[in-house]
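Peer 1:
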Amino acid sequence: MATTSYSPDAQLTTGMIIRRVLFVALVLGLALYHLFLNFRGLSHERGIDQAQIAREVGRGNGFATKFIRPLSLKQVNSFREEGAMENPEASLWGFQDIYHAPLNPLLNSVFLRAFKGKWTFEATNPEDDSVYFLDRVIAAVSMLMFFGAMGVTYLLVGRIFDGKIAGVTVLLMGLCSLMWDMTQSGLPQMLMLFLSSFAFYFLYRAVEAQQEEALPTVWLALAAGFLGLLALSHWITVWIFVGVLIFSAVYFRPRGMMAVVLLGVFVVVVAAWGWRNYKVCGNIFGSGIFLLKTGLAEGSESLIFRNFNPEAQPFDTAGLFSKLMLNSLIQINDLYTLLGAIVVAPLFFLSLLHPFKRREIADFRWCILAMWIAAVIGMTVYGLPQKEMDSNQLHILFAPLMAAYGLAFLTVVWNRIGFETMNPLVTQGHFIIVCIISAIPLLLPFPRNIRADLMRDKKFRANWPPYYPPSLALMSTFTDEKEVLVSDLPWAVAWYTDRPSLWLPRDVKQFNDLRAYSAERGTPFAGLLLTPVTLDGRISSGIFDGEYAPWKEVIFYPQGVSLNLDTLREIPTFPFTQSTPVLGAQMYLFSDTPRWAER
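What follows is the structure, given as structure tokens:
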């Protein structure tokens, strides 16, 4: 009888292939689920805002926006009034965005150009899927960045530790519910994760070069380039660069010189966009400079950016220390969820006490810590009002590396237990336990979500607040291209209606002032669109004494209020309200455009 030789290497290779095929199948299955079956459209207001900017870039309109913040408009006009520019005051048509970092909209615009025929939502066929096709395009791009980040993380962790820890780390990323939620938000977090993975990889190579007594200049220059791109994805990531700069000034030799290299390359990458912002509004940070008020002063972002008269709202530092402490404590209390509920990620802090044999591994963790502390300071200053799904959320960028160090530390502890068996389920048991616990937030609601998604009518898929394309796109049939809709949901109006949308001003007087201003520049107001953001009874108590207090008469008694409108009509825009109570109250539009009566 013929015998066959046994090859452990062949078995290992076969096992690796099987594991990788299963992993790819798992990730693709989760991607299809989140992109089609469970997808209800983009979920975050800043993600939706960046999407509509990407569409304008794709059209060749430059970095224009159809979401107009009164404060940004005032900022641009104040700069022009100072004599810095000879151009007249800004129009609401073709208004240049000075709020967002550019890279995410620019990336998305490349993909949106391939679907020009889908730029307009077809509101005439309500029986179709209510999800806007371009929402799926934006989410798909985010998923591609997520997959790329997995690949780079695998290479990085494999270089730091070994292929086993690298594979489990990437598996934990694929099982992280928060990361999948981020892919559906429209936020740039997955792009940031992709770029930061490259930056961390090159920083580690620089640490290796330092230990080999070679110059780390090239690796640091590459890291600085990707950190610059990271800043162009979200300005708050400049804080991460500050952490790297401090670490490099102390660690790399010759001391101080490598920090100069980092700073020089970083400035070269970000300088062009800073100069562009200065030419538009007189500040290299654009309107982002006012975001300091949201973290340090009293008042929400809505209250600050809806104000066309910022001089009447001085920077109030009362309670500043208390607010900084509260922002810090919130991060500490919610650290587990902010790190994506990856159970081993917090073990990174225990790994700081472990004496790793390889010096580069031990040293690199201090680089990670320096970056993370600097990021925490930045998030403390600007705040995380929406916690783990906040657009300022930077903890998620550190979750993979922290998880890798946590896994390495846990492996050391697990091996010291001294199990008297070589059964793989025991020797690798800590990996299995970690994966199961980390996957609970993703997998536990899975059966219920699948059942609900299969039973839910596809024409009623929507996120709260009601980003419902069929109703919002209906507004475009009643308005001309250059007419402005004033709304409490302007990012969604700009994206789904494809019309200029002004954020509901702080009070009725500012509304009338801006209405006259806009009409003089050929962009008349088509109407005032109020949604459940202000109409929902659950927040009615906040209307009387909160940020919408100046609008309470309009919200509750619209027919008895004078907005200087020639005609005042209420137009319900949710055709399926009775069938979809989850969407809440109807939306109404009050307009003085004569043709509304005809329609």
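Mapped onto our numbering, the consecutive letters of the sequence shown carry residue numbers -7 to 591. Glycine is no exception: its CB is placed at the ideal position from the N, C-alpha and C atoms.
Would you check if the region 483 to 494 and the region 454 to 472 touch, i.e. whether three or more CB-CB distances between them fall below 8 Å?
Peer 2: Yes: the two stretches touch, three or more of their Cβ pairs being nearer than 8 Å.
Peer 1: Helix, strand or coil: which one does DSSP assign to L522?
Peer 2: Correct three-state label for L522: strand.
Peer 1: Let me confirm a value: N415 is counted as buried when at least 16 other C-beta atoms fall within 10 Å, else exposed. Which label applies?
Peer 2: Answer is exposed; the Cβ neighbour count stays below 16.
Peer 1: Would you call the region 245 to 263 and the region 125 to 145 in contact, with 3 or more CB pairs under 8 Å?
Peer 2: The region 245 to 263 vs the region 125 to 145: no contact.
Peer 1: Less than 7 Å between C-beta atoms, sequence neighbours within five positions excluded: which residues of the same chain meet that for K110?
Peer 2: Only F125, L126 meet the Cβ criterion.
Peer 1: Less than 7 Å separating the beta-carbons of G375 and N325?
Peer 2: Contact flag unset, no.
Peer 1: Can you tell me where the alpha helix (DSSP H) with S134 in it begins and where it stops?
Peer 2: Counting along the chain, the alpha helix (DSSP H) containing S134 begins and ends at 125 to 152.
Peer 1: In angstroms with no decimal places, state the Cα-to-Cα distance between L283 and L185.
Peer 2: Roughly 23 Å separates the two Cα atoms.
Peer 1: Using the Cα positions of L104 and L342, report the straight-line distance between them to the nearest angstrom.
Peer 2: C-alpha separation (whole angstroms): 45 Å.
Peer 1: To the nearest angstrom, how far is it from the Cα of T526 to the Cα of S430?
Peer 2: Computed Cα separation, rounded: 38 Å.
Peer 1: For the beta strand (DSSP E) containing S637, list its first residue and its last residue.
Peer 2: Only positions -7 to 591 of the chain appear in the structure, and residue 637 is not among them; the question remains open.
Peer 1: Thinking just about the alpha-carbon of each residue, which of I425, P516, A198, G54 is nearest to the one in L95?
Peer 2: Taking only the C-alpha atoms, the option nearest L95 is G54.
Peer 1: Quick check on the burial criterion: 16 or more other C-beta atoms within 10 angstroms. Buried or exposed for G33?
Peer 2: G33 is buried by the Cβ-count criterion.
Peer 1: By how many angstroms is the C-alpha of T5 removed from the C-alpha of R11?
Peer 2: Going from the Cα of R11 to the Cα of T5 covers about 10 Å.
Peer 1: Can you pull the DSSP bridge partners for W495?
Peer 2: Answer is S479.
Peer 1: From H36, Y25, L20, L222, pick the residue whose C-alpha is nearest to that of Y459; which is it?
Peer 2: Considering only alpha carbons, the answer is H36.
Peer 1: I60 by DSSP, collapsed to three states: which one?
Peer 2: I60 falls in the strand class under three-state DSSP.
Peer 1: N455 bridges to which residues according to DSSP?
Peer 2: Partner(s): Y459.
Peer 1: I'd like the span of the alpha helix (DSSP H) that includes I409, first residue to last.
Peer 2: From DSSP, I409 is part of no alpha helix (DSSP H); its letter is neither H nor E.
Peer 1: Could you tell me the distance, in whole angstroms, from the CA atom of S279 to the CA atom of F87?
Peer 2: The alpha-carbon atoms of S279 and F87 are separated by roughly 13 Å.
Peer 1: Given a threshold of 16 other Cβ atoms within 10 Å of its Cβ, counted over all protein chains shown, does V379 qualify as buried or as exposed?
Peer 2: Checking the sequence shown, residue 379 turns out to be Lys, not Val. Under this definition K379 is an exposed residue.
Peer 1: Indicate the three-state DSSP secondary structure (helix, strand or coil) for Q176 in the structure shown.
Peer 2: Residue state, collapsed to three classes: coil.
Peer 1: Give the range of the alpha helix (DSSP H) segment to which E293 is assigned.
Peer 2: E293 -> alpha helix (DSSP H) spans 293 to 297.
Peer 1: Taking the alpha-carbon positions, what's the L327 to R513 distance?
Peer 2: Approximately 49 Å between the Cα atoms of the pair.
Peer 1: Note down, in chain order, each residue of its chain lying with its Cβ closer than 7 Å to the Cβ of T112, except the 5 sequence neighbours on either side.
Peer 2: Cβ neighbours of T112 beyond the five flanking positions: D490.
Peer 1: Over what stretch of residues does the alpha helix (DSSP H) that includes A93 continue unbroken?
Peer 2: Segment: none, A93 is in no alpha helix (DSSP H) and carries neither H nor E.
Peer 1: Roughly how many angstroms separate the alpha carbons of D511 and R298, rounded to a whole number?
Peer 2: For the sequence presented, residue 511 should be read as Ala rather than Asp. Going by the C-alpha atoms only, they are around 19 Å apart.
Peer 1: So, with DSSP's three-state summary, where would you put R11?
Peer 2: If DSSP states are grouped into helix, strand and coil, R11 belongs with the helices.
Peer 1: Quick check on this structure: which residue in L20, F59, L18, F31 has the alpha carbon closest to the alpha carbon of R38?
Peer 2: Of the candidates L20, F59, L18, F31, the one whose C-alpha sits nearest the C-alpha of R38 is F59.
Peer 1: Using only alpha-carbon positions, find the residue among N301, V368, M317 that is nearest to L331.
Peer 2: For the residues N301, V368, M317, the minimum Cα distance to L331 belongs to V368.
Peer 1: With a CB to CB cut of under 8 Å and the five nearest residues on each side skipped, what residues in its chain are close to C601?
Peer 2: In the structure displayed, the chain extends from -7 to 591; residue 601 sits before or after that span and is not available.
Peer 1: Which same chain residues, not among the five before or five after A395, have their C-beta less than 6 Å away from its C-beta?
Peer 2: Taken in chain order, the residues that qualify are T161, L164, I334, V336, A337.
Peer 1: Assuming T419 is part of the alpha helix (DSSP H), what are its boundary residues?
Peer 2: Per DSSP, T419 belongs to the alpha helix (DSSP H) from 416 to 419.
Peer 1: Between the beta-carbon of T145 and the beta-carbon of S188, is there less than 7 Å?
Peer 2: In this structure, S188 does not lie closer than 7 Å to T145 by Cβ.
Peer 1: Which stretch, first to last residue, makes up the alpha helix (DSSP H) that contains G280?
Peer 2: G280 -> no alpha helix (DSSP H), and no H or E assigned at all.
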